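Participant:
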Amino acid sequence: MTALEATGLGKRYRDTWALREVFLSVPRGRVVALVGPNGAGKTTLMRLAVGLHRPTTGHLRVFGAEPYGEALAQVAYVAQDKPLYDEFTVNEMLNVGRHLNPRFDLAGARDRLADLNIPGRARVHQLSGGQRAQLAITLAVAKRVDLIVLDEPLASLDPLARHEVMRGLMMAVAETGLTVLLSSHVVAELDEVCDHLVLLSRGRVQVAGDIEDILRAHRMLTGPAGMMPGGAYEVIGEDRTERQTSLFARLREPIPDPRWTAHELSLTDVVLGYMRSPMSTHFPPPVLAERDDVA
Amino acid sequence: MSWLAFRQHRGRMIGMGLIVVLWGGLAGMESYSPVLAGMSAVFFAYVPLVFGVFLGAPVVSREFERGTHQFAWTQSFSRSQWFWWQAVVAMGLALATTAYLGTVVGLITPSFTLTVDSVMYPLTGAVPYAWGVFAVATGLMWSAITRWTTAAMAASFFGVAASQFIAEGLRKRSDAVSQWTAENLWILQSAEVEILLALAAAMTVTAWYFTARRNPA
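Those protein sequences? They're chains C and H, same order as listed.
Residue numbers for the first sequence follow this note's numbering, so the first one is 1 and each next one is one higher.
Residue numbers for the second sequence follow this note's numbering, so the first one is 1 and each next one is one higher.
#1: Assign residue 220 of chain C to one of three DSSP states: helix, strand, or coil.
#2: Given a limit of 8 Å on CB to CB distance, which residues of the segment 71-101 of chain C reach chain H?
#3: Using 7 Å as the threshold, is the C-beta distance between residue 141 of chain H and residue 85 of chain H below it?
#4: Does residue 59 of chain C have its Cβ less than 7 Å from a Cβ in chain H?
#5: Under the DSSP definition of a beta bridge, which residues are partnered with residue 27 of chain H?
#6: With a cut-off of 8 Å, do at least 3 Cβ pairs link the segment 74-84 of chain C to the segment 110-121 of chain C?
#7: Would you tell me roughly how many angstroms separate the C-alpha atoms of residue 291 of chain C and residue 27 of chain C, rounded to the nearest one?
#8: Which residue wins for smallest C-alpha separation from residue 175 of chain C, given the options C:214, C:145, C:253?
#9: Buried or exposed for residue 181 of chain H, going by 16 or more other Cβ atoms inside 10 Å?
#10: Does the CB of residue 9 of chain C have a neighbour CB from chain H at under 7 Å?
#11: So, helix, strand or coil for residue 241 of chain C, using DSSP?
#12: Within 6 Å: the Cβ of residue 124 of chain C and any heavy atom of the ligand ATP?
#13: Suppose you measure from the CA of residue 161 of chain H to the CA of residue 91 of chain C; what does that come to, to the nearest Å?
#14: So, under 8 Å CB-CB, residue 138 of chain H and residue 159 of chain H are touching, yes? Tell me the CB distance rounded to an integer number of Å.
#15: On a CA-only basis, which of H:38, H:199, H:11 is nearest residue 102 of chain H? Give me that one, please.
#16: Going along the chain, which residues of its own chain have a beta-carbon closer than 6 Å to the beta-carbon of residue 194 of chain C, five neighbours each way excluded?
#17: Within 10 Å of its beta-carbon, does residue 14 of chain H have 16 or more other beta-carbons around it, so buried, or fewer, so exposed?
#18: From residue 45 of chain H to residue 122 of chain H, what does the alpha carbon distance come to, in whole angstroms?
#19: Closer than 9 Å by beta-carbon distance: list the chain C residues that pair up with residue 3 of chain H, in chain order.
#20: Which of the three DSSP states is assigned to residue 208 of chain C in this structure?
#21: Excluding the 5 residues preceding and the 5 following residue 237 of chain C in the sequence, name in chain order all residues of the same chain whose CB lies nearer than 7 Å to its CB.
#22: Along the segment 74-108 of chain H, where does the CB come closer than 7 Å to a CB of chain C? Name the residues.
#23: Which same chain residues, not among the five before or five after residue 79 of chain H, have their C-beta less than 8 Å away from its C-beta?
#24: Looking at chain H, is there any beta carbon in it that lies within less than 7 Å of the beta carbon of residue 69 of chain C?
#25: Output the boundary residues of the beta strand (DSSP E) element that contains residue 12 of chain C.
#26: Are residue 52 of chain H and residue 163 of chain H closer than 7 Å when you measure CB to CB?
#27: Under a three-way DSSP split, which group does residue 27 of chain C fall into?
#28: Whole alpha helix (DSSP H) runs in the segment 25-96 of chain C with 4 or more residues, listed along the chain?
#29: Using a Cβ-Cβ cut-off of 8 Å (strictly less than) and excluding sequence neighbours within five positions of residue 149 of chain H, which residues of its own chain qualify?
#30: By the DSSP assignment, the alpha helix (DSSP H) with residue 127 of chain H in it spans what residues?
#31: Using a cut-off of 8 Å between C-beta atoms, extract the partners of residue 68 of chain H located in chain C.
#32: Under the three-state reduction of DSSP, which class applies to residue 17 of chain C: helix, strand or coil?
#33: Using a Cβ-Cβ cutoff of less than 8 Å, which residues in the same chain neighbour residue 8 of chain C once the five nearest sequence positions on both sides are dropped?
#34: Can you tell me the Cα-Cα spacing of residue 258 of chain C and residue 224 of chain C, whole angstroms?
#35: Rounded to a whole number of angstroms, what is the C-alpha to C-alpha distance between residue 148 of chain C and residue 126 of chain C?
#36: Tell me the rounded alpha-carbon separation between residue 141 of chain C and residue 198 of chain C.
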């Protein structure tokens, strides 16, 4: 079953389209990195996924249902600023969670906060940025949902807090097998935790698929200047100097020409490569269409 | 959902408690010095303004201003359920305060003749409750439309005040009404109550629509 499925999804604010003709299919259990330049539509997609917005065109289904009413019990959302009731105590926030969610795991949430040394009697506005993020994520995890949506969960956190937040989230994923959709514009820190990538560009999906497949398919080819290698590949970006040619390419098979060397790329390189050529016609990659049988 | 609504109204309950204390003091002063007689009844006209500004106007807009709507509306309950609980608690608080004030004023006011000009007119029967509900509904509507507490407070203040002036003009639009006694005045009062409740219902539904159906920012 697909965790998240968008068909012809579009969202317009007055005259501008924030999302357009988005087709997306995310299998259950993936940790999805939603990346893209500012204004690409990441937040809009996330808000659509948790029912805060309604699509202008098309549909977005979460585990087969549109995320309104009863289906809201299946998704949890942590917005970018971690909005919580500042005047409440931590215990009162847990009470809110318990009263507003029939499946709420109060004991689990208490344990987690105790592990993190977040005192129950502290008021939310007294918490540090990292603690606030931890509390917001704890509440989302304790809701016992199938999909957690996190908008820039690591923004405004120091490196140690980032690490702790990510570790806490990954523990929850390991325990429950939930699907996570998280956005960030710092791709480097998503590398280790995410296994699925969705790159948005100007309101459209530019790249989508399992990170392993994407990394396997893309290579940086370097070879003599003024030449192109033979073989089956598509060039996404290129850099030509007097001495050599560098091609950012998606390969269908290895390049046989020995004058060319193929370097493996990091996720950051791939994402940046696609971001630099937003008009590239190589999207979405064919992995999209093949996903259903895997799920 | 009710837990959150009650917890969020705790501060406002304390505010209403202050009104309760104020009126208790006022009533006490009146019973000792007859010069002040009728003050608590006269000041009652301002209470609906307080309801509109402090109970109605912050409800939806405070959530938008702090971003907490993104938390509250993504729990396991629908936005409609969230809204109706907030509305019910706010209106309940207004009704309870009105009931208390009505009782206090009733206790210290000796027998009176009800006329349309009497300060007791807005305090008898269902009229004060209808104004309480109407004021909260005005606040809710502006809160949901403007999504900005300060503007919603100002709009509710002037909205309720203007409605009070209009109501007063409508009540006294014929000389015959001035001669009416309690026997006939109930017709006027029930007409007033019905109009107020109908308007309150329309405004509350408007507030619901803007909360639950319009995209949040």
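Each residue gets a CB set at the ideal place from its N, CA and C atoms; glycine is no exception.
Computed from a predicted model, the values in this text were never measured in an experiment.
Facilitator: Quick answer:
#1: Locating residue 220 of chain C in the first sequence gives position 220, where the first residue counts as 1. DSSP places residue 220 of chain C in strand when its eight states are reduced to three.
#2: Within the segment 71-101 of chain C, the qualifying residues are 72, 73, 75, 76, 77, 79, 81, 83, 84, 85, 86, 87, 88, 92, 95, 96, 97, 99, 100, 101.
#3: One-based indexing of the second sequence puts residue 141 of chain H at position 141. One-based indexing of the second sequence puts residue 85 of chain H at position 85. Contact flag unset, no.
#4: The residue given as residue 59 of chain C occupies position 59 in the first sequence. By this cut-off, residue 59 of chain C is not an interface position.
#5: Here residue 27 of chain H corresponds to residue number 27 of the second sequence, with the count starting at 1. BP columns for residue 27 of chain H are empty, so no partner.
#6: No, the segment 74-84 of chain C does not touch the segment 110-121 of chain C.
#7: Walking along the first sequence from the start, residue 291 of chain C turns up at place 291. Walking along the first sequence from the start, residue 27 of chain C turns up at place 27. Caution applies to residue 291 of chain C, whose pLDDT of 44 falls short of 50 and renders its modelled position unreliable; the model cannot decide the point.
#8: Stepping through the first sequence from its first residue, residue 175 of chain C is reached at position 175. Of C:214, C:145, C:253, the residue nearest in Cα terms is C:145.
#9: Position 181 of the second sequence, counted from the first residue, corresponds to residue 181 of chain H. Exposed.
#10: Residue 9 of chain C sits at position 9 when you count from the first residue of the first sequence. Residue 9 of chain C does not count as touching chain H.
#11: By one-based count along the first sequence, residue 241 of chain C stands at place 241. Residue 241 of chain C falls in the coil class under three-state DSSP.
#12: With respect to the ligand ATP, the structure shown offers nothing to examine, as it has no ligands at all.
#13: The residue you call residue 161 of chain H lines up with position 161 of the second sequence. The residue you call residue 91 of chain C lines up with position 91 of the first sequence. The alpha-carbon atoms of residue 161 of chain H and residue 91 of chain C are separated by roughly 41 Å.
#14: As a working note, residue 138 of chain H is residue 138 in the second sequence. As a working note, residue 159 of chain H is residue 159 in the second sequence. In this structure residue 138 of chain H touches residue 159 of chain H by the C-beta definition: roughly 5 Å separates them, less than 8 Å.
#15: Position 102 of the second sequence, counted from the start, is the residue given in the question as residue 102 of chain H. Considering only alpha carbons, the answer is H:38.
#16: Position 194 of the first sequence, counted from the first residue, corresponds to residue 194 of chain C. Annotation for residue 194 of chain C: 31, 33 place their beta carbon closer than 6 Å to its own, counting only its chain and skipping 5 residues before and after.
#17: As a first step, residue 14 of chain H must be located in the second sequence, where it is residue number 14. When all chains shown are included, residue 14 of chain H counts as exposed.
#18: To locate residue 45 of chain H, count along the second sequence from 1; it is residue 45. To locate residue 122 of chain H, count along the second sequence from 1; it is residue 122. Rounded to the nearest angstrom, the two C-alpha atoms are 8 Å apart.
#19: Residue numbering aside, residue 3 of chain H sits at position 3 when the second sequence is read from its first letter. Residues of chain C passing the Cβ test: 95, 96, 98, 99, 100.
#20: Taking the first residue of the first sequence as position 1, residue 208 of chain C is located at position 208. In this structure, residue 208 of chain C counts as strand in the three-state DSSP scheme.
#21: Translated into positions along the first sequence, residue 237 of chain C becomes position 237. Counting only Cβ-Cβ distances below 7 Å, and skipping sequence neighbours, we find 248, 273, 276, 277.
#22: 74, 75, 76, 77, 78
#23: By 1-based counting over the second sequence, the position of residue 79 of chain H is 79. Counting only Cβ-Cβ distances below 8 Å, and skipping sequence neighbours, we find 73, 211, 212.
#24: The residue you call residue 69 of chain C lines up with position 69 of the first sequence. Answer yes: the Cβ-Cβ gap between residue 69 of chain C and chain H drops below 7 Å somewhere.
#25: Within the first sequence, numbered from 1, the residue matching residue 12 of chain C stands at position 12. Per DSSP, residue 12 of chain C belongs to the beta strand (DSSP E) from 2-13.
#26: For this step, residue 52 of chain H is matched to residue 52 along the second sequence. For this step, residue 163 of chain H is matched to residue 163 along the second sequence. Not in contact: residue 52 of chain H and residue 163 of chain H (Cβ atoms no closer than 7 Å).
#27: Counting from 1 along the first sequence, the entry for residue 27 of chain C is found at position 27. Correct three-state label for residue 27 of chain C: strand.
#28: 42-49
#29: Mapped onto the second sequence, residue 149 of chain H falls at position 149. Cβ neighbours of residue 149 of chain H beyond the five flanking positions: 57, 58, 61, 62, 65, 143.
#30: By 1-based counting over the second sequence, the position of residue 127 of chain H is 127. Here the alpha helix (DSSP H) through residue 127 of chain H covers 127-146.
#31: Along the second sequence, read from residue 1 onward, the residue named residue 68 of chain H stands at position 68. By Cβ distance, chain C contributes 83, 84, 85.
#32: Position 17 of the first sequence, counted from the first residue, corresponds to residue 17 of chain C. Three-state DSSP puts residue 17 of chain C in a strand.
#33: The sequence position of residue 8 of chain C within the first sequence is 8, counting from 1. Closer than 8 Å at Cβ, skipping near neighbours: 21, 22, 23, 57, 58, 59.
#34: Numbered from its first residue, the first sequence carries residue 258 of chain C at position 258. Numbered from its first residue, the first sequence carries residue 224 of chain C at position 224. Straight-line Cα distance between these residues: approximately 11 Å.
#35: The residue given as residue 148 of chain C occupies position 148 in the first sequence. The residue given as residue 126 of chain C occupies position 126 in the first sequence. Going from the Cα of residue 148 of chain C to the Cα of residue 126 of chain C covers about 26 Å.
#36: Within the first sequence, the letter at position 141 stands for residue 141 of chain C. Within the first sequence, the letter at position 198 stands for residue 198 of chain C. Whole-angstrom Cα-Cα distance: 22 Å.
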